[in-house]
Amino acid sequence: FVSLQAFLRIVSVFLQDEGKAPYLYVELDFKEVTSKKAALIENSIQLRSKVGEAASISQEKREVLGDHYKLLLVDLRDIKKLDDLISLAIIDPSLPTFIIAECVLIYLDPESSRAIVGWASRTFPTAVFFLYEQIHPDDAFGQQMIRNLEERGCALLGIYDTPTLNAKEKIFWIKDGR
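For what it's worth, the working numbering labels the leading residue of the sequence shown as 80, then goes sequentially.
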């Protein structure tokens, strides 16, 4: 399981509590999120026990390295770094992998989003990629959403490139890994 954002919620804990945890749960995100999350895990007895007592937690590196849970710092636009992290996380790309991008790619420029999808396709040949994002920027709800986000400094850089479900599906129609 590879999550292209970490948020501050601990999804892997919820899955563990329900007996549905994957063998390996890897979360990738920017330093602002990974530093807060690493501190949260380190300072919580319950969360620390969930990632494993032997897990290495480094607030300096902003990462958590457990046997079945990894939290890693990365700028998703840095494809070379993504490749390096796959080795660090000890992920076997030949195994079936569930990749989730929940409201992530929409904040990136379209070229970066396509590069990430291409990387995932080349790296994980048996993966399922779950994408959950905003669509329909031209209806009343979409226009208000965009205004609200832009007022908070959160531009949706990819919204007009992939404004519909059909347009989002097309970013996965990659030929020859490009």
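Ideal placement from N, C-alpha and C gives every residue a C-beta, glycine not left out.
Note that the structure is a prediction, hence the values are computed from the model and not measured.
For residue i, collect the residues of the same chain with a Cβ closer than 6 Å to its Cβ; drop the 5 residues on either side in sequence, then sort them by chain order.
i	result
Leu94	Ala100
Ile178	Val81, Ala199, Ala206 and Phe208
Thr241	Lys247
Please say whether residue j and residue i have beta carbons closer to each other than 7 Å?
i	j	result
Leu244	Ile214	yes
Ile158	Ala194	yes
Glu142	Leu152	yes
Leu107	Leu83	yes
Leu150	Lys116	yes
Cys233	Glu212	no
Val130	Ile120	yes
Arg156	Ser191	yes
Within the same chain, show all residues whose beta-carbon is closer than 7 Å to that of residue i, passing over the 5 residues directly before and after it, in chain order.
i	result
Tyr239	Pro216
Ile165	Pro172 and Thr202
Ile136	Ala117, Ile120, Glu121 and Val143
So if DSSP puts residue i in a beta bridge, which residue, or which two residues, is it bridged to?
i	result
Lys149	Val105 and Leu144
Ser82	Glu106 and Ile179
Val207	Phe177
Ile120	Paired residue(s): none; Ile120 is not in a bridge.
In chain order, what residues of the same chain lie with their CB nearer than 8 Å to the CB of residue i, ignoring the 5 residues before and after it?
i	result
Val196	Leu184, Phe208, Ile250, Phe251 and Ile253
Leu228	Ala234 and Leu235
Could you check what DSSP says for residue i in three-state terms: helix, strand or coil?
i	result
Tyr186	helix
Ile214	coil
Ile158	helix
Ile136	strand
Thr243	coil
Just to check my reading of the structure: residue i and residue j have Cβ atoms closer than 8 Å, yes? What is that Cβ distance to the nearest angstrom?
i	j	result
Leu210	Ala180	5 Å
Ala134	Tyr148	7 Å
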